Amino acid sequence: MKSSNRHLLFNALYALAAIVALFTGFGNMPLYGRYYIADVPGLQWSGNFFTNVNVHILAGSLLLCIGIYCMIVFRLVKNSPAKRLTRSGKIRGALLALTLATGILMVIKNLPGIQFPFEMLMIANFTHMGGAVLFMLVALVALIFRMPWITRP
Amino acid sequence: MPNRLSRRSFLKAGLITATATATAGIPIRSAGAANAQWCTLLDLQKCIACGACVEACREVNAKKFPQPQGPMPDMLPRAKVKVADWSTAEKQAVDDRLTPYNWLFIQQAFGEYNGEEFEINIPRRCMHCRNAPCSNLCPFGAAYTRSDGIVRIHPDVCMGGAKCKAVCPWHIPERQSGVGLHLNLLPQYAGNGVMYKCDRCYDRIEAGELPACVEVCPEAVQEIGPRPEIVAKAHRLAKEIDGFIYGETENGGTNTIYVSPVPFDVLDQAIEKGPGSPHLDAVADSMAPANTMALALAIAPVAGVAGALARFLSLGKADNGQKGGEDEE
Chain A
19 MKSSNRHLLF NALYALAAIV ALFTGFGNMP LYGRYYIADV PGLQWSGNFF
69 TNVNVHILAG SLLLCIGIYC MIVFRLVKNS PAKRLTRSGK IRGALLALTL
119 ATGILMVIKN LPGIQFPFEM LMIANFTHMG GAVLFMLVAL VALIFRMPWI
169 TRP
Chain B
14 MPNRLSRRSF LKAGLITATA TATAGIPIRS AGAANAQWCT LLDLQKCIAC
64 GACVEACREV NAKKFPQPQG PMPDMLPRAK VKVADWSTAE KQAVDDRLTP
114 YNWLFIQQAF GEYNGEEFEI NIPRRCMHCR NAPCSNLCPF GAAYTRSDGI
164 VRIHPDVCMG GAKCKAVCPW HIPERQSGVG LHLNLLPQYA GNGVMYKCDR
214 CYDRIEAGEL PACVEVCPEA VQEIGPRPEI VAKAHRLAKE IDGFIYGETE
264 NGGTNTIYVS PVPFDVLDQA IEKGPGSPHL DAVADSMAPA NTMALALAIA
314 PVAGVAGALA RFLSLGKADN GQKGGEDEE
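Just so you know, the sequences run in chain order A and B. Positions in the first sequence are counted from 1; adding 18 to them yields the numbering used here. Positions in the second sequence are counted from 1; adding 13 to them yields the numbering used here.
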């Protein structure tokens, strides 16, 4: 695959996963039924909490896969882009990592026979939501002001 | 309402707990501890519908019932958000269905089975599922499962969105509008009160007492104990009476097990069902698909590593890694 095509595919996958994860993340709150989102043709599924959480986990898995890929490739190649992360990239990376880590905790918590103490559940929940919302805001700012993840060599 | 949380105290408590948790390690209770869950057994042959359990439940839990102050907020959009107000004296007195003020009621089934007439009375309340979807899917962590198997909704955190009711196979939790945390946040635009249901008298259990409904029953319909023992007892009893079991496997297993001389599909046809009056139908494990999705999350890191390896191999072929790297933006 040509480098430019690979680039395009990678960016498209990342954007798709992030947008779907954020959309279904908000859908985990009972908002889409209330605010007519689930009435929009093609989005009826978003009003089903079980479907919504399944799609959310899938999108999160894709983000995790991309994140692990980047961590390995960027860390190990020469002239590592990891060393060229912009401040915006560092903030987005940290927020994404925090959101993914707490998301993994939530999925583990949902497995049979596993319970978190109430306090821990609250921390995981609100860290997950807060991290995701901050990531969304920072990513929007980066998109509007064309702030890259890394500086070009 | 006791222990009401303000935004400031909530954040403060969160920070303190975060620090405490970080220093104390992560006390995840795992499958091993699941056997420590307590479970109730209800022998439906014995219930005479005297209502003592319902009365005791209302009396003991009255302090936890909602106390709305002032008018209900004007929530938007009006067409979608309905006020659920059970706080009038007349509505609070309702005891023939589940409400925010009535967490247990007696469902009655009359009919014929094997050529004989039957009358079975069924105390109904939260089943306290072992892998409860209300607890797993609550976006705020207000519904949670305790290590003793009790599924509880914390009234100071619940926003009243009723997601727990939507995902509960029996639609048990009931909403009271005009109370709770959402009034301090965006009362018109998010939330709609607090959801209420049986908490199996968690506070009495903590004090070494029995749940009120178990304690007061003159016919000893209910007993409570460690789940493996209760399941074994339920099977012995079902064998003795040539009866049927409900709750052992429903929704992946619950901590409320009914034993009846009449099959539950027959009872399900005989009871009155509707809002606040749950069914007795068979229920598949509603969390099974979401838990299968956890596999995707487990595979994701492996796929990421495999992708990175493939990338290195392709780089090595192209220029022995002289150029390498990606400029993702």
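Quick reminder that beta carbons are idealized off the backbone N, C-alpha and C, glycines included. Just so we're clear, the structure is a prediction, and the values are computed from it rather than from any experiment.
For residue j and residue i, the rounded distance between their alpha carbons
{"i": "Glu187(B)", "j": "Ala303(B)", "result": "25 Å"}
{"i": "Val56(B)", "j": "Cys230(B)", "result": "The sequence shown places Asp at residue 56(B), not Val. Spanning the two alpha carbons is a distance of roughly 12 Å."}
{"i": "Leu18(B)", "j": "Thr53(B)", "result": "Residue placement at Leu18(B) is poorly supported in this model, since its pLDDT is 40, which falls under 50; the coordinates are not used for a value here."}
{"i": "Gly128(B)", "j": "Leu280(B)", "result": "15 Å"}
{"i": "Met138(A)", "j": "Leu310(B)", "result": "21 Å"}
{"i": "Ala247(B)", "j": "Cys66(B)", "result": "21 Å"}
{"i": "Cys181(B)", "j": "Pro224(B)", "result": "22 Å"}
{"i": "Asn23(A)", "j": "Gly43(A)", "result": "30 Å"}
{"i": "Ser273(B)", "j": "Gly121(A)", "result": "42 Å"}
{"i": "Arg110(B)", "j": "Asn46(A)", "result": "29 Å"}
{"i": "Pro81(B)", "j": "Ser190(B)", "result": "8 Å"}
{"i": "Ala31(B)", "j": "Phe136(A)", "result": "In this prediction, Ala31(B) has a pLDDT of 39, which is less than 50 and means its spatial position is unreliable; what the coordinates show is noted afterwards. If you take the alpha carbons of Ala31(B) and Phe136(A), they lie about 12 Å apart."}
{"i": "Phe131(B)", "j": "Tyr114(B)", "result": "30 Å"}
{"i": "Leu308(B)", "j": "Ala316(B)", "result": "12 Å"}
{"i": "Lys76(B)", "j": "Ala150(A)", "result": "37 Å"}
{"i": "Val318(B)", "j": "Phe92(A)", "result": "12 Å"}
{"i": "Met94(B)", "j": "Tyr50(A)", "result": "According to the sequence displayed, residue 94(B) carries Val and not Met. So the alpha carbons of these two residues sit roughly 12 Å apart."}
{"i": "Lys286(B)", "j": "Cys177(B)", "result": "19 Å"}
{"i": "His292(B)", "j": "Asn205(B)", "result": "25 Å"}
{"i": "Pro59(A)", "j": "Met306(B)", "result": "26 Å"}
{"i": "Cys214(B)", "j": "Asn74(B)", "result": "8 Å"}
{"i": "Leu152(A)", "j": "Asn70(A)", "result": "21 Å"}
{"i": "Ser43(B)", "j": "Gly131(A)", "result": "Below a pLDDT of 50, predicted positions are generally treated as unreliable, and Ser43(B), at 42, falls in that range; the measurement from the model is reported next regardless. The straight-line gap from Cα to Cα measures roughly 6 Å."}
{"i": "Glu72(B)", "j": "Arg165(B)", "result": "18 Å"}
{"i": "Pro314(B)", "j": "Gln133(A)", "result": "24 Å"}
{"i": "Arg102(A)", "j": "Thr169(A)", "result": "5 Å"}
{"i": "Arg143(B)", "j": "Ala323(B)", "result": "42 Å"}
{"i": "Ser148(B)", "j": "Met124(A)", "result": "11 Å"}
{"i": "Gly256(B)", "j": "Phe277(B)", "result": "10 Å"}
{"i": "Leu155(A)", "j": "Arg164(A)", "result": "14 Å"}
Assumed close pair residue i, residue j - CB separation to whole angstroms, cut-off 8 Å
{"i": "Arg105(A)", "j": "Trp167(A)", "result": "Incorrect: roughly 11 Å between the Cβ atoms, too far for contact."}
{"i": "Leu196(B)", "j": "Pro86(B)", "result": "7 Å"}
{"i": "Met208(B)", "j": "Gly173(B)", "result": "6 Å"}
{"i": "Leu118(A)", "j": "Gly65(A)", "result": "Not really, about 25 Å apart at Cβ, beyond 8 Å."}
{"i": "Val227(B)", "j": "Tyr126(B)", "result": "Their Cβ separation, rounded to whole angstroms, is 28 Å, which puts Val227(B) and Tyr126(B) out of contact at 8 Å."}
{"i": "Ala112(A)", "j": "Leu81(A)", "result": "Going by Cβ atoms, the distance from Ala112(A) to Leu81(A) rounds to 14 Å, so no, they are not a contact pair."}
{"i": "Phe123(B)", "j": "Ala245(B)", "result": "Phe123(B) to Ala245(B), Cβ: 31 Å. No contact."}
{"i": "Arg137(B)", "j": "Gln120(B)", "result": "5 Å"}
{"i": "Ala69(B)", "j": "Tyr87(A)", "result": "About 59 Å; that fails the 8 Å criterion."}
{"i": "Glu263(B)", "j": "Ile61(B)", "result": "That belief does not hold up - the Cβ atoms of Glu263(B) and Ile61(B) are roughly 25 Å apart, past 8 Å."}
{"i": "Phe67(A)", "j": "Ala179(B)", "result": "6 Å"}
{"i": "Trp51(B)", "j": "Arg240(B)", "result": "7 Å"}
{"i": "Ile243(B)", "j": "Ile218(B)", "result": "Actually they do not touch by this definition, with Cβ atoms about 15 Å apart."}
DSSP state of residue i mapped onto helix, strand, coil
{"i": "Glu130(B)", "result": "strand"}
{"i": "Leu111(B)", "result": "coil"}
{"i": "Ile168(A)", "result": "strand"}
{"i": "Ser190(B)", "result": "coil"}
{"i": "Val227(B)", "result": "helix"}
{"i": "Ile163(B)", "result": "coil"}
{"i": "Met124(A)", "result": "helix"}
{"i": "Val170(B)", "result": "coil"}
{"i": "Val159(A)", "result": "helix"}
{"i": "Val207(B)", "result": "strand"}
{"i": "Tyr157(B)", "result": "strand"}
{"i": "Gln80(B)", "result": "coil"}
{"i": "Gln201(B)", "result": "coil"}
{"i": "Glu232(B)", "result": "coil"}
{"i": "Tyr50(A)", "result": "coil"}
{"i": "Cys66(B)", "result": "helix"}
{"i": "Glu253(B)", "result": "helix"}
{"i": "Pro302(B)", "result": "helix"}
{"i": "Lys20(A)", "result": "coil"}
{"i": "Cys214(B)", "result": "coil"}
Which residues DSSP lists as bridging residue i, in chain order
{"i": "Val272(B)", "result": "Asp56(B) and Ile258(B)"}
{"i": "Leu103(A)", "result": "Ile168(A)"}
{"i": "Ile237(B)", "result": "Thr53(B)"}
{"i": "Ala122(B)", "result": "Ile133(B)"}
{"i": "Ala295(B)", "result": "Beta-bridge pairing links Ala295(B) to no other residue."}
{"i": "Met267(B)", "result": "A small correction: the amino acid at residue 267(B) is Thr; Met does not occupy that position in the sequence shown. Paired residue(s): Cys142(B)."}
{"i": "Ser290(B)", "result": "Gly287(B)"}
Min CB distance residue i to chain C below 8 Å
{"i": "Tyr50(A)", "result": "The structure shown contains no chain C; its protein chains are A and B."}
ask   = Between the stretch 231–244 of chain B and the stretch 92–109 of chain B, are three or more C-beta pairs nearer than 8 Å?
value = no
ask   = Do three or more CB pairs link the stretch 289–301 of chain B to the stretch 152–172 of chain B at distances below 8 Å?
value = no
inquiry  = Could you check whether the stretch 131–146 of chain A touches the stretch 27–38 of chain A, counting it as contact only if at least three pairs of C-beta atoms, one from each stretch, sit closer than 8 Å?
reply    = no
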